Amino acid sequence: MASAAFTVSSPAASAVATRSKVLRGGKGEARTGCRVGITRKNFSRVMMAVAVDISRFEGVPMAPPDPILGVSEAFRADKNDLKLNLGVGAYRTEELQPYVLNVVKKAENLMLEKGENKEYLPIEGLAAFNKATAELLFGADNPVIKQGRVATLQSLSGTGSLRLAAAFIQRYFPEAKVLISSPTWGNHKNIFNDARVPWSEYRYYDPKTVGLDFEGMIADIQAAPDGSFVLLHGCAHNPTGIDPTPEQWEKIADVIQEKKHMPFFDVAYQGFASGSLDEDASSVRLFVERGLEVFVAQSYSKNLGLYAERIGAINVVCSAPEVANRVKSQLKRLARPMYSNPPIHGARIVANVVGDPVMFGEWKQEMEEMAGRIKNVRQKLYDSLSAKDKSGKDWSFILRQIGMFSYTGLNKTQSDNMTDKWHIYMTKDGRISLAGLSLAKCEYLADAIIDSFHNIS
Amino acid sequence: MEYLPMGGSIKMIDESLKLAYGEDSEFINDKRIAAVQALSGTGACRLFADFQRRFLPDSQIYIPTPTWSNHHNIWRDAQVPQRTFTYYHPESRGLDFAGLMDDIKNAPNGSFFLLHACAHNPTGVDPTEEQWREISYQFKVKNHFPFFDMAYQGFASGDPERDAKAIRIFLEDGHQIGCAQSYAKNMGLYGQRAGCLSILCEDEMQAVAVKSQLQQIARPMYSNPPVHGSLVVSIILNDPELKSLWLKEVKGMADRIIGMRKALKENLEQLGSPLSWDHITNQIGMFCYSGMTPEQVDRLTNEYHIYMTRNGRISMAGVTTGNVAYLANAIHEMFASLRNNPQCSRSKSIHKAPSNPYP
Chain F
1 MASAAFTVSS PAASAVATRS KVLRGGKGEA RTGCRVGITR KNFSRVMMAV
51 AVDISRFEGV PMAPPDPILG VSEAFRADKN DLKLNLGVGA YRTEELQPYV
101 LNVVKKAENL MLEKGENKEY LPIEGLAAFN KATAELLFGA DNPVIKQGRV
151 ATLQSLSGTG SLRLAAAFIQ RYFPEAKVLI SSPTWGNHKN IFNDARVPWS
201 EYRYYDPKTV GLDFEGMIAD IQAAPDGSFV LLHGCAHNPT GIDPTPEQWE
251 KIADVIQEKK HMPFFDVAYQ GFASGSLDED ASSVRLFVER GLEVFVAQSY
301 SKNLGLYAER IGAINVVCSA PEVANRVKSQ LKRLARPMYS NPPIHGARIV
351 ANVVGDPVMF GEWKQEMEEM AGRIKNVRQK LYDSLSAKDK SGKDWSFILR
401 QIGMFSYTGL NKTQSDNMTD KWHIYMTKDG RISLAGLSLA KCEYLADAII
451 DSFHNIS
Chain L
1 MEYLPMGGSI KMIDESLKLA YGEDSEFIND KRIAAVQALS GTGACRLFAD
51 FQRRFLPDSQ IYIPTPTWSN HHNIWRDAQV PQRTFTYYHP ESRGLDFAGL
101 MDDIKNAPNG SFFLLHACAH NPTGVDPTEE QWREISYQFK VKNHFPFFDM
151 AYQGFASGDP ERDAKAIRIF LEDGHQIGCA QSYAKNMGLY GQRAGCLSIL
201 CEDEMQAVAV KSQLQQIARP MYSNPPVHGS LVVSIILNDP ELKSLWLKEV
251 KGMADRIIGM RKALKENLEQ LGSPLSWDHI TNQIGMFCYS GMTPEQVDRL
301 TNEYHIYMTR NGRISMAGVT TGNVAYLANA IHEMFASLRN NPQCSRSKSI
351 HKAPSNPYP
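Just so you know, the sequences run in chain order F and L.
One point on numbering: in full-length UniProt numbering, the residue at position 352 of the first sequence is 352, and numbering is uninterrupted.
One point on numbering: in full-length UniProt numbering, the residue at position 300 of the second sequence is 300, and numbering is uninterrupted.
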């Protein structure tokens with residue numbers, strides 16, 4: 001390379017410092033242009049080096065704020081006393097405070113007492129957790145568990161479970177596509193995009209009825225190529241809160257079976273939707289009973305309030321134990337270069353709670369209380385809307401919906417009005433999180449909804 | 001237990017940057033570092049690899065030979081092409097510095113290199129300070145990008161500042177670096193998956209943009225990182241008393257390992273081994289690349305119930321005052337029996353290892 005030679009005597013410490021200043025450049029200045037390198041003391045060779053400093057990251061644009069998590073940020077910045085955060089799906093008490101379950105505190109104290117170490121978990125996670133989570137989902141007496149046909153890996157909550165499954169699909173079913181509901185949780189699309197799995201939507205929400213477009217759903221699942229993966233919300237559909245009835249689930253299973261599709265459940269609210277763990281798992285169990293192979297992503301973020309611990313699992317029900325072993329081994333191969341092994345803390349909490357009959361009973365009670373509070377709030381909101389709205393609009397869809405969320409039917413402009421005029425923060429698709437609503441605020445919310453619905457288009 | 005932001009705990013990130021870049025780092029003050037909490041070292045490397053794929057799609061990664069095997073998996077699953085560069089010198093159980101420099105010079109300008117900041121895994125062989133300076137200089141000449149995997153800060157020499165020396169040299173020389181940090185070993189938080197990824201940028205605006213994109217990569221992978229380990233880290237590092245207790249404990253752990261290295265070497269010398277064992281104390285960190293062949297390792301396992309990876313890597317963390325004599329004896333006997341039975345595989349003659357980089 002082109003260079004000019006010049007001699008430099010063995011540099012002392014001060015020369016080293018000088019060199020550093022030369023190379024560093026000023027505060028905040030664009031570091032373009034040429035830099036001169038000076039020799040180090042132990043070499044006889046002398047070179048003038050020319051390097052051009054243009055940032056490699058010039059082409060990195062600012063990413064847009066997350067549509068869901070960004071709502072909370074905006075809420076925090078709002079100084080108005082009346083403000084209400086109905087954005088993110090995190091449970092709040094009637095006092096609108098985050099809630100750490102008593103049984104979780106108990107479990108953590110127990111864990112501190114036990115003083116277990118912090119060694120790495122195996123790639124597939126904590127064995128006690130994996131056993132407990134599969135039993136919770138499928139039922140401890142389920143033949144698929146007894147036959148060893150379920151591959152379970154502890155993963156990073158619902159997101160991590162979905163991502164592992166998506167990566168698996170990309171690797172072993174490269175021709176397949178995933179069908180997701182319209183609408184669905186926003187991050188579903190990101191997950192499949194980043195995993196490079198193609199997706200398309202099936203009709204789900206009917207704005208006219210604020211209910212399920214069942215015919216559309218069945219037609220779209222029917223029309224998809226055989227062997228597609230169908231992403232289903234096990235219970236408490238996010239964002240709509242609209243779930244199929246048991247009869248509708250049977251028909252959905254029929255068409256999936258007929259098309260040899262692979263059912264792929266996202267179960268983020270087991271126990272949290274109806275208050276009953278078993279009832280909320282009935283859709284999954286229905287499919288399993290038919291002998292189908294099924295993917296199920298689980299999360300303990302909401303039902304055990306373990307949001308930030310990132311605890312969940314990916315389960316794959318396979319036709320035979322030998323298949324489950326192979327599938328598990330490949331899921332591990334996908335997890336290892338992502339995070340090596342999953343975090344222990346949340347897994348131990350779950351294993352302790354589910355593994356102890358007393359604590360398990362306490363958990364079920366607290367879960368019923370959480371689900372109960374949400375149901376009460378739904379009722380109060382409905383009552384307030386019905387009482388205040390003189391137009392005769394039917395608000396009963398609020399009672400028919402289930403889980404943390406309600407799809408109000410408000411459009412983007414109307415949702416903006418909720419925020420701009422009423423300081424009520426929600427996602428722009430009209431979704432409100434009832435978990436963030438208190439009985440005390442129901443009337444205020446009703447006023448806002450009525451105003452936005454009738455006076456804004 | 002509410003969700004952390006996608007980028008993780010700010011407190012934990014701030015403290016991590018101070019550890020890696022220096023308490024009074026101008027880069028921290030100027031807010032030029034894009035940093036996110038990551039799933040320990042693995043997660044940090046993976047985020048960076050995915051970032052490379054997305055924003056520098058023509059780039060590749062140069063990985064040392066040998067390296068931690070999961071490095072290959074990470075960049076492969078991120079779909080970033082890999083190359084290797086010369087690192088370990090088997091004959092001396094040390095650094096093949098000439099080979100290393102050649103590979104740096106021969107790589108196309110602007111290549112990305114994975115460097116182990118300290119306590120190279122699996123060899124335990126680190127460049128000397130002088131060698132790091134020369135590497136840094138050559139990187140400047142070639143406009144290479146250094147990505148540091150620092151999994152053992154504090155754990156290698158006992159002094160976190162000393163263990164970050166390579167990084168500080170590169171920073172002084174004006175490189176824009178990337179850095180993966182892990183608290184698995186130095187805080188013993190293995191299963192908590194606590195770590196940090198940082199990328200030094202042009203300026204604050206760019207750092208904000210880069211961080212936002214790292215978050216975009218994290219969101220569809222795990223949404224936001226686990227809180228527990230990050231709480232432990234930030235509480236410890238934020239509290240002067242706890243931090244000083246940590247510094248003592250990490251020095252204690254490092255000293256024990258250094259002591260075991262000494263003991264193993266002395267035991268072997270006292271047994272009258274004719275072979276050179278300087279590399280045991282020249283190498284640093286958790287691992288000792290003994291130079292034993294797979295067959296020799298198998299003999300140790302089968303005849304002496306000593307378990308190690310077949311590349312001859314000994315985890316010094318598993319050596320104690322209670323077993324070091326046994327280990328030395330086994331190694332000595334095994335080699336002695338090889339000498340007496342020349343038809344068995346022998347190791348090549350062992351040259352004197354380079355002098356201890358950390359006297």
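Positions of the beta carbon are idealized from the N, C-alpha and C atoms, including for glycine.
Remember, predicted model here, so these are calculated numbers, not experimental data.
Using only the alpha-carbon positions, how far apart do L152(L) and M62(F) sit? As a first step, residue 152(L) is located in the second sequence; it is residue number 152 there, counting from the start. As a first step, residue 62(F) is located in the first sequence; it is residue number 62 there, counting from the start. With the sequence shown as reference, residue 152(L) is identified as Tyr, and Leu is not the correct amino acid for it. Distance between the alpha carbons of Y152(L) and M62(F) is about 33 angstroms.
State buried or exposed for H454(F), treating a residue as buried only when at least 16 other CB atoms are found within 10 Å of its CB. The residue you call residue 454(F) lines up with position 454 of the first sequence. Exposed, because fewer than 16 other Cβ atoms sit within 10 Å of the Cβ of H454(F).
Within 10 Å of its beta-carbon, does V46(F) have 16 or more other beta-carbons around it, so buried, or fewer, so exposed? Reading the first sequence from its first residue, position 46 is the one you call residue 46(F). With a pLDDT of only 37 at V46(F), under the threshold of 50, the placement of this residue in the model should not be trusted; the figure read from the coordinates follows. It counts as exposed.
Would the C-beta of T240(F) count as close to the ligand GDP, meaning under 6 angstroms from any of its heavy atoms? Of ligands this structure carries none, so the ligand GDP is not represented either.
For W185(F), name the three-state secondary structure that DSSP assigns. The sequence position of residue 185(F) within the first sequence is 185, counting from 1. Looking at W185(F) - three-state DSSP - the assignment turns out to be coil, as it is neither helix nor strand.
Hey, V210(F) and Q170(F): beta-carbon distance below 7 angstroms or not? Within the first sequence, numbered from 1, the residue matching residue 210(F) stands at position 210. Within the first sequence, numbered from 1, the residue matching residue 170(F) stands at position 170. Their beta carbons are not under 7 angstroms apart, which means V210(F) does not touch Q170(F) by this criterion.
Extent of the continuous alpha helix (DSSP H) to which S282(F) belongs: For the purposes of this step, residue 282(F) is taken as residue 282 along the first sequence, with counting starting at 1. Here the alpha helix (DSSP H) through S282(F) covers 282 to 289.
Contact set for M292(L): own chain, Cβ-Cβ below 6 angstroms, skip 5 residues either direction: The count along the second sequence starts at 1 and reaches residue 292(L) at position 292. Only G312 meet the Cβ criterion.
Quick one: is A209(L) near chain F, going by C-beta distance under 7 angstroms? Numbered from its first residue, the second sequence carries residue 209(L) at position 209. At least one chain F Cβ lies under 7 angstroms of A209(L).
Verify the CB distance criterion: does S438(F) have a CB-CB separation below 7 angstroms to chain L? Within the first sequence, numbered from 1, the residue matching residue 438(F) stands at position 438. Chain L, which has no Cβ nearer than 7 angstroms to the Cβ of S438(F), makes this no.
Burial state of K302(F), where buried means 16 or more other Cβ atoms lie within 10 Å: Indexing the first sequence from 1 puts residue 302(F) at position 302. With 16 or more Cβ atoms within 10 Å of its Cβ, K302(F) is classed as buried.
According to DSSP, is M187(L) helix, strand or coil? Looking up residue 187(L) in the second sequence gives position 187. Coil.
For G178(L), report the span of its beta strand (DSSP E) as first-last. Against the second sequence, residue 178(L) aligns to sequence position 178. Residues 178 to 182.
Would the segment 159 to 173 of chain L and the segment 136 to 148 of chain L be scored as touching if the rule is three or more Cβ pairs under 8 angstroms? yes
Report the rounded CA-to-CA distance for D194(F) versus R54(L), giving the unit in angstroms. As a position in the first sequence, residue 194(F) is number 194, starting the count at 1. As a position in the second sequence, residue 54(L) is number 54, starting the count at 1. C-alpha separation (whole angstroms): 10 angstroms.
Count Cβ pairs between the segment 174 to 189 of chain L and the segment 223 to 237 of chain L that sit closer than 8 angstroms; are there 3 or more? yes
Quick one: complete beta strand (DSSP E) runs, 3+ long, within the segment 201 to 231 of chain L? none
Identify the contact partners of residue 430(L) in chain F, using a Cβ-Cβ distance below 7 angstroms as the criterion. Given a span of 1 to 359 for chain L in the structure shown, any question on residue 430(L) remains unanswerable.
Give, in chain order, every residue of the segment 48 to 71 of chain L whose Cβ lies closer than 7 angstroms to some Cβ of chain F. F55, L56, N70
Give me the chain L residues within the contact set of F75(F), using Cβ-Cβ distance strictly less than 7 angstroms, ordered along the chain. As a working mapping, residue 75(F) is identified with position 75 in the first sequence. The contacting residues do not exist; F75(F) stays about 13 angstroms from chain L at best.
Taking just the CA atoms, how far does V296(F) sit from V144(F)? Reading the first sequence from its first residue, position 144 is the one you call residue 144(F). Reading the first sequence from its first residue, position 296 is the one you call residue 296(F). Each residue's alpha carbon lies about 13 angstroms from the other.
Within 10 angstroms of the Cβ of R299(L), are there 16 or more other Cβ atoms? Answer buried if so, exposed if not. Here residue 299(L) is taken as the residue at index 299 of the second sequence, counted from 1. Per the 10 Å Cβ criterion, buried.
Select from E333(L), I331(L), N302(L), Y289(L) the residue whose C-alpha is nearest the C-alpha of R93(L). Taking the second sequence and counting its residues from 1, the one referred to as residue 93(L) is at position 93. The shortest C-alpha separation from R93(L) is found at Y289(L).
Can you tell me whether G346(F) is buried or exposed? The criterion is at least 16 other CB atoms within 10 Å of its CB, across all chains shown. Mapped onto the first sequence, residue 346(F) falls at position 346. It is buried - the Cβ of G346(F) has at least 16 other Cβ atoms within 10 Å.
Contact list for Y307(F) against chain L, beta-carbon separation under 8 angstroms: Here the question's residue 307(F) lines up with position 307 in the first sequence. Those are M1, E2, Y3, listed as they occur along chain L.
How far does the beta strand (DSSP E) with A313(F) in it extend, from its first residue to its last? Along the first sequence, one-based indexing puts residue 313(F) at 313. Per DSSP, A313(F) belongs to the beta strand (DSSP E) from 312 to 317.
Any Cβ of chain F within less than 7 angstroms of the Cβ of I74(L)? Taking the first residue of the second sequence as position 1, residue 74(L) is located at position 74. Yes, I74(L) counts as interfacial toward chain F.
Can you tell which of L268(L), D278(L), M316(L), I306(L) has the C-alpha that lies nearest to the C-alpha of M260(L)? For the purposes of this step, residue 260(L) is taken as the residue at position 260 of the second sequence. It is M316(L) whose Cα lies nearest to the Cα of M260(L).
Report the neighbours of D55(F) on chain L: residues whose CB is nearer than 9 angstroms to its CB, in chain order. Position 55 of the first sequence, counting from 1, holds the residue named residue 55(F). The question names Asp, yet the displayed sequence has Ser at residue 55(F). Simply Q176, C201, E202, D203, Q206.
Helix, strand or coil for C45(L)? Go by DSSP, reduced to three states. Locating residue 45(L) in the second sequence gives position 45, counting from the first residue. DSSP places C45(L) in helix when its eight states are reduced to three.
So, is the C-beta of T42(L) closer than 7 angstroms to a C-beta in chain F? Taking the second sequence and counting its residues from 1, one reaches residue 42(L) at position 42. Yes, T42(L) lies at the interface with chain F (some Cβ there is under 7 angstroms from its Cβ).
Which same chain residues, not among the five before or five after W185(F), have their C-beta less than 6 angstroms away from its C-beta? Numbered from its first residue, the first sequence carries residue 185(F) at position 185. Correct list, in chain order: N238.
Which residues of chain L have a Cβ atom closer than 9 angstroms to the Cβ of H345(F), listed in chain order? Stepping through the first sequence from its first residue, residue 345(F) is reached at position 345. Here the neighbours are G191, Q192, P226, V227, H228, G229.
On the three-state DSSP scale, how would you describe G26(F)? As a first step, residue 26(F) is located in the first sequence; it is residue number 26 there, counting from the start. Note that G26(F) scores 38 on pLDDT, short of 50, meaning its location in the model is unreliable and no value can be drawn from it.
Counting Cβ pairs, one atom from each stretch, are 3 or more of them under 8 angstroms apart for the segment 226 to 240 of chain F and the segment 256 to 271 of chain L? no
So if DSSP puts H89(L) in a beta bridge, which residue, or which two residues, is it bridged to? For the purposes of this step, residue 89(L) is taken as the residue at position 89 of the second sequence. G94(L).
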